[in-house]
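Written below as structure tokens is the structure these notes are about.
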Ligand SMILES: Cc1ncc(COP(=O)(O)O)c(C=O)c1O
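Protein chains in written order, with our numbering: chain A, 8 to 158; chain B, 85 to 502.
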């Protein structure tokens with residue numbers, strides 16, 4: 008195990024300087040996420056233009072992995088349709104949980120999370136924001152039909 | 085006054101930590117290519133070879149059910165089981181083995197007291213008094229009791245140093261207090277609570293006292309008679325013994341007056357549909373086939389600790405605590421959380437700009453095992469306004485070299501993430 012696999016430069020940078028960090032005044036969708044084991048808490052806000060994510064922001068506190076993952080998420084989903092975000096959610100989930108998976112080409116900077124699967128105790132840190140975003144875009148009644156795995 | 089917990093370095097024979105380490109098979113391994121430095125003893129401690137052997141010997145040669153057969157194996161198992169009870173009695177200086185009840189652990193001991201001692205006769209508005217320092221195991225059973233009976237849970241505040249506020253306690257205890265349930269040592273901060281002072285006040289008010297000794301018993305000599313508590317609870321697995329076994333000490337007269345907790349085999353003398361007669365103490369509280377191997381392992385762990393000497397263990401651990409405190413405070417941005425003047429060998433800390441979870445991962449890659457999180461004491465975290473802390477907790481088999489490795493790994497964590 009090499010720490011450099013987990014704490015890639017991109018991760019360290021997004022932890023130090025989280026992008027799109029802060030409240031959103033009148034979001035079209037938002038949800039809170041909490042990981043009771045480590046105390047990570049975050050809120051994801053989304054503004055929509057029809058079916059397209061105009062902007063995503065987040066607030067909260069957590070470890071470097073969860074903050075960087077949320078920061079990367081807010082950049083990655085901007086301008087994508089909800090269906091595209093759902094596809095990305097699936098790809099990130101694969102990346103975080105599957106061994107020796109090659110980062111899907113569309114992941115861009117999110118590929119920096121590819122070392123997380125070597126640290127199983129940290130997978131939930133990286134996925135918390137994605138589960139939270141999913142809950143924001145697909146509020147509970149929809150989520151019952153399409154349950155999301157929490158690993 | 086605090087003799088029961090003060091490190092008293094009476095035995096000045098040099099403490100041969102390397103010889104002690106040789107007794108612990110698990111310590112001699114590499115984690116991620118680095119020698120293991122196990123600094124998570126407050127969560128669970130490791131086992132010397134004699135403890136592991138005592139349990140496998142039991143399974144290989146002596147296993148049968150206890151208290152119920154005339155055949156040789158059942159007799160052997162019963163003898164070993166009851167001999168372990170005597171070891172526990174001697175270890176905590178209880179008057180009688182009738183006062184030693186085997187349970188699953190501290191958690192079960194406290195739940196037993198809540199159900200069989202506190203619950204009968206409690207009235208709405210009666211109060212249970214605990215402190216802000218408590219482990220969830222000494223909070224939630226009382227919250228459940230309060231919900232079910234209308235009793236009220238009162239919480240003694242703590243000071244910024246992490247001490248239980250004695251003058252606030254004197255204000256809070258009163259005519260409605262039914263029980264004072266206190267941690268002897270805080271698992272999250274290491275604070276040694278001067279329980280003798282609290283017990284003296286409780287006595288004046290006629291309030292019985294339960295001590296959660298889970299973190300005190302591995303670090304010091306406990307004398308329940310000198311303490312004067314009514315209940316003392318602890319877990320085997322924090323004492324170099326197995327998981328799944330623990331002890332409730334209760335004063336005999338009180339245990340006698342309590343109704344049984346669980347019903348079943350072993351806790352009865354005779355059963356008939358006209359009426360059932362309960363067994364004597366301690367078996368009245370031990371329904372069903374117990375964790376025989378666990379009890380034997382615990383008895384052996386106690387003998388092992390006695391052979392080293394709890395006073396020498398306390399003195400050695402105290403030097404480790406002082407060394408660790410001195411080394412860690414040299415790290416810029418490191419803040420020790422819990423700075424009571426009297427502490428067990430537990431150091432909780434925060435590192436500015438780095439979440440404890442990241443510290444835990446980076447240290448693990450360096451072979452250093454610590455605990456990060458809320459330590460099952462979320463009110464303590466809330467008090468300090470942190471979601472979690474990193475905690476290094478030492479045992480008598482830890483070394484100064486391991487403290488150095490902890491320090492170096494923390495410096496590395498800082499360099500990585502800030
Ligand atoms: C102070 C304290 N009380 C209670 C417990 C609960 O012990 P167990 O989980 O062995 O029942 C612990 C263990 O973490 C503890 O540290």
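Just so it is clear, CB atoms sit at the ideal spot from N, CA and C, and this is done for glycine as well.
Item to check | Test: residue 449 of chain B CB closer than 8 Å to a CB of chain A | outcome: As a first step, residue 449 of chain B is located in the second chain; it is residue number 365 there, counting from the start. Yes, residue 449 of chain B counts as interfacial toward chain A.
Checklist entry - With DSSP run on the structure shown, which of helix, strand or coil describes residue 32 of chain A? => result Position 25 of the first chain, counting from 1, holds the residue named residue 32 of chain A. Reduced to three states, the DSSP call for residue 32 of chain A is coil.
Next on the checklist: With a threshold of 8 Å on Cβ separation, who are the neighbours of residue 413 of chain B within its own chain once the five nearest residues in sequence on each side are excluded?
Outcome noted: Here residue 413 of chain B is taken as the residue at index 329 of the second chain, counted from 1. Here the set comprises 420.
Item to check | Residues of the region 464-488 of chain B whose Cβ lies closer than 9 Å to any Cβ of chain A, in chain order | outcome: Within the region 464-488 of chain B, the qualifying residues are 465, 470, 471 and 472.
Checklist entry - How long is the line joining the alpha carbons of residue 93 of chain B and residue 304 of chain B, rounded to whole angstroms? => result As a first step, residue 93 of chain B is located in the second chain; it is residue number 9 there, counting from the start. As a first step, residue 304 of chain B is located in the second chain; it is residue number 220 there, counting from the start. Unreliable positioning characterises residue 93 of chain B in this predicted model, as indicated by a pLDDT of 45, which lies under 50. The coordinate reading is nonetheless provided below. Whole-angstrom Cα-Cα distance: 11 Å.
Checklist entry - Got a sec: does ligand 2 put a non-hydrogen atom nearer than 7 Å to the Cβ of residue 448 of chain B? => result As far as ligands go, the structure on display features ligand 1 and does not contain ligand 2.
Checklist entry - Taking Cβ positions, are residue 271 of chain B and residue 298 of chain B nearer each other than 8 Å? => result As a working note, residue 271 of chain B is residue 187 in the second chain. As a working note, residue 298 of chain B is residue 214 in the second chain. Between residue 271 of chain B and residue 298 of chain B, the C-beta gap is smaller than 8 Å, which places the two residues in contact.
Checklist entry - Just by C-beta distance, which residues in the region 58-72 of chain A are closer than 8 Å to chain B? => result Within the region 58-72 of chain A, contact with chain B at the beta-carbon level (separation under 8 Å) is assigned to 68, 69, 70, 71 and 72.
Next on the checklist: Threshold first: 4 residues or longer. Then list the alpha helix (DSSP H) segments lying entirely within the region 16-85 of chain A, N to C.
Outcome noted: Counting only runs of 4 or more, we get 16-23 and 71-84.
Item to check | Minimum Cβ-Cβ distance from residue 500 of chain B to chain A less than 8 Å | outcome: Counted from its first residue, the second chain places residue 500 of chain B at position 416. The C-beta of residue 500 of chain B comes closer than 8 Å to at least one C-beta of chain A.
Checklist entry - Any residues in the region 130-143 of chain A with a beta carbon nearer than 8 Å to a beta carbon of chain B? Which ones, in chain order? => result Result list: 132.
Checklist entry - Beta-carbon of residue 442 of chain B versus every beta-carbon of chain A: anything under 8 Å? => result Sequence index remark: in the second chain, residue 442 of chain B carries index 358 (1-based). Contacts with chain A at 8 Å (Cβ-Cβ) include residue 442 of chain B.
Checklist entry - By Cβ distance below 8 Å, which residues in the same chain neighbour residue 238 of chain B in space, the five residues on each side in sequence not counted? => result Against the second chain, residue 238 of chain B aligns to sequence position 154. Same-chain partners within the cutoff: 211, 212, 213, 214, 256 and 261.
Checklist entry - Does the count of Cβ pairs from the region 161-168 of chain B and the region 223-238 of chain B closer than 8 Å reach three? => result With the cut-off at 8 Å, the region 161-168 of chain B and the region 223-238 of chain B do not touch.
Checklist entry - Do we get a CB-CB distance below 8 Å when we pair residue 303 of chain B with the residues of chain A? => result If you number the second chain from 1, residue 303 of chain B lands on position 219. Chain A, which has no Cβ nearer than 8 Å to the Cβ of residue 303 of chain B, makes this no.
Next on the checklist: Mapping the DSSP letters down to three states, classify residue 317 of chain B as helix, strand or coil.
Outcome noted: Locating residue 317 of chain B in the second chain gives position 233, counting from the first residue. In the three-state reduction of the DSSP assignment, residue 317 of chain B falls in the strand class, which pools E and B.
Next on the checklist: Judging by CA-CA distance, which residue of B:449, B:453, B:494 and B:281 is the nearest neighbour of residue 125 of chain A?
Outcome noted: Within the first chain, numbered from 1, the residue matching residue 125 of chain A stands at position 118. Comparing Cα positions, the closest option is B:449.
Checklist entry - Looking at the C-beta of residue 171 of chain B, does it have a partner C-beta in chain A at a distance below 8 Å? => result As a working note, residue 171 of chain B is residue 87 in the second chain. Interface with chain A (8 Å Cβ-Cβ cutoff): residue 171 of chain B is excluded.
Next on the checklist: Taking 8 Å as the cut-off, does the region 286-300 of chain B touch the region 438-458 of chain B (at least 3 CB pairs, one atom from each stretch)?
Outcome noted: Because the criterion of three Cβ pairs below 8 Å is not met, the region 438-458 of chain B and the region 286-300 of chain B do not touch.
Checklist entry - Between the Cα of residue 349 of chain B and the Cα atoms of B:358, B:368, B:357 and B:334, which residue gives the shortest distance? => result Counting from 1 along the second chain, the entry for residue 349 of chain B is found at position 265. Looking at the Cα atoms, B:368 is the closest of the given residues.
Checklist entry - CB of residue 458 of chain B to nearest heavy atom of ligand 1: below 7 Å? => result Here residue 458 of chain B corresponds to residue number 374 of the second chain, with the count starting at 1. Here the distance from the Cβ of residue 458 of chain B to the nearest heavy atom of ligand 1 is not below 7 Å.
Next on the checklist: Cβ closer than 8 Å: which chain B residues qualify as neighbours of residue 22 of chain A?
Outcome noted: Here residue 22 of chain A refers to the residue found at position 15 of the first chain. Below the 8 Å Cβ cutoff, chain B contributes 501 as neighbours of residue 22 of chain A, in chain order.
Checklist entry - Among B:114, B:140, B:301 and B:483, which has the Cα closest to the Cα of residue 105 of chain B? => result Residue numbering aside, residue 105 of chain B sits at position 21 when the second chain is read from its first letter. The candidate whose alpha carbon is nearest that of residue 105 of chain B is B:483.
Next on the checklist: In this structure, how does DSSP classify residue 251 of chain B when only helix, strand and coil are distinguished?
Outcome noted: Taking the second chain and counting its residues from 1, the one referred to as residue 251 of chain B is at position 167. Correct three-state label for residue 251 of chain B: helix.
Item to check | Cβ pair residue 40 of chain A, residue 439 of chain B closer than 8 Å | outcome: As a working note, residue 40 of chain A is residue 33 in the first chain. As a working note, residue 439 of chain B is residue 355 in the second chain. With respect to the 8 Å criterion, residue 40 of chain A and residue 439 of chain B are not classified as neighbours on the basis of their beta carbons.
Item to check | Of the listed residues B:154, B:151, B:196 and B:171, nearest to residue 391 of chain B (C-alpha basis) | outcome: What you label residue 391 of chain B is simply residue 307 of the second chain in a count that begins at 1. Closest by alpha carbon: B:171.
Next on the checklist: Can you pull the chain A neighbours of residue 194 of chain B, defined as C-beta to C-beta under 7 Å?
Outcome noted: One-based indexing of the second chain puts residue 194 of chain B at position 110. Near residue 194 of chain B there are no residues of chain A at all, since even the closest Cβ is about 22 Å away, more than 7 Å.
Checklist entry - Would the beta-carbon of residue 99 of chain A fall within 8 Å of that of residue 92 of chain A? => result In the first chain, residue 99 of chain A corresponds to position 92, counting from 1. In the first chain, residue 92 of chain A corresponds to position 85, counting from 1. The answer is no: Cβ separation not under 8 Å.
Item to check | Three or more C-beta pairs below 8 Å linking the region 275-289 of chain B and the region 238-254 of chain B | outcome: Yes: the two stretches touch, three or more of their Cβ pairs being nearer than 8 Å.
Next on the checklist: Given 7 Å as the limit, tell me if residue 125 of chain B has its C-beta closer than that to any heavy atom belonging to ligand 1.
Outcome noted: Start at 1 with the first residue of the second chain, and residue 125 of chain B comes out as number 41. Taken from the Cβ of residue 125 of chain B, every heavy atom of ligand 1 lies 7 Å or farther away.
Item to check | residue 139 of chain A to residue 313 of chain B span [Cα, whole Å] | outcome: In the first chain, residue 139 of chain A corresponds to position 132, counting from 1. In the second chain, residue 313 of chain B corresponds to position 229, counting from 1. About 48 Å.
Next on the checklist: Just to confirm my understanding: we take residue 444 of chain B, look at its own chain, exclude 5 residues before and 5 after, and list those with CB closer than 7 Å. What are they?
Outcome noted: Position 360 of the second chain, counting from 1, holds the residue named residue 444 of chain B. The beta carbon of residue 444 of chain B is closer than 7 Å to those of 454, 456 and 474 in its chain, skipping five residues each way along the sequence.
Item to check | Contact set for residue 195 of chain B: own chain, Cβ-Cβ below 6 Å, skip 5 residues either direction | outcome: Numbered from its first residue, the second chain carries residue 195 of chain B at position 111. Taking residue 195 of chain B as the centre and dropping the five residues before and after it, the same chain places the C-beta of 225 closer than 6 Å to its C-beta, in chain order.
Checklist entry - Counting contacts by CB-CB distance shorter than 8 Å, is residue 457 of chain B in contact with chain A? => result Within the second chain, numbered from 1, the residue matching residue 457 of chain B stands at position 373. For residue 457 of chain B, the answer is yes, since a Cβ of chain A falls inside 8 Å of its Cβ.
Checklist entry - Grouping DSSP H, G and I as helix and E and B as strand, with all else coil, what is residue 218 of chain B? => result The count along the second chain starts at 1 and reaches residue 218 of chain B at position 134. Correct three-state label for residue 218 of chain B: coil.
Next on the checklist: If I follow the unbroken beta strand (DSSP E) through residue 296 of chain B, where does it start and stop?
Outcome noted: In the second chain, counting from the first residue as 1, residue 296 of chain B sits at position 212. Looking at the DSSP string, the run of the beta strand (DSSP E) that includes residue 296 of chain B is 293-296.
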